[in-house]
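Position one of the sequence shown corresponds to residue 993 (my numbering), numbered consecutively onward. All C-beta atoms, glycine included, are put in the ideal place defined by N, C-alpha and C. In what follows, a structure is listed as structure tokens, so that the remarks can point back to it.
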Amino acid sequence: IGQERGLLFRAGDVDSCVQALERAIRQPQKLADMAKKAQDHVATYYNWDKITADNLRLYQKLCASSDAKFSVTLPFFKNQ
């Protein structure tokens, strides 16, 4: 998790986890800011519009190859 969107600690290290949680408890506003950044990130990069657009671009790229046997067009229900 980068860009201050969550707590980081060493995997399998309970003391590291405890220290990260203690820092978070001492800084509730920073914790709230991290939560907001995480929510914004998820809303931007993990929504169905983005996922379907990314998949469509991939399918179009694959179909554009010289050995493609079919083509991909936008679904008729797009933007309705």
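DSSP, reduced to helix, strand and coil, places E1014 within a helical segment of the structure shown. By a beta-carbon distance limit of 8 Å, E996 does not contact K1028. Their separation comes to about 10 Å. A straight line joining the alpha-carbon of G1004 with that of V1010 spans about 11 Å. Secondary structure note for D1032: its alpha helix (DSSP H) is the uninterrupted segment 1020-1037. Rounded to whole angstroms, E1014 and I1043 show a C-alpha spacing of 36 Å. Excluding sequence positions up to five before and after A1035, its CB lies less than 6 Å from no other CB in the same chain.
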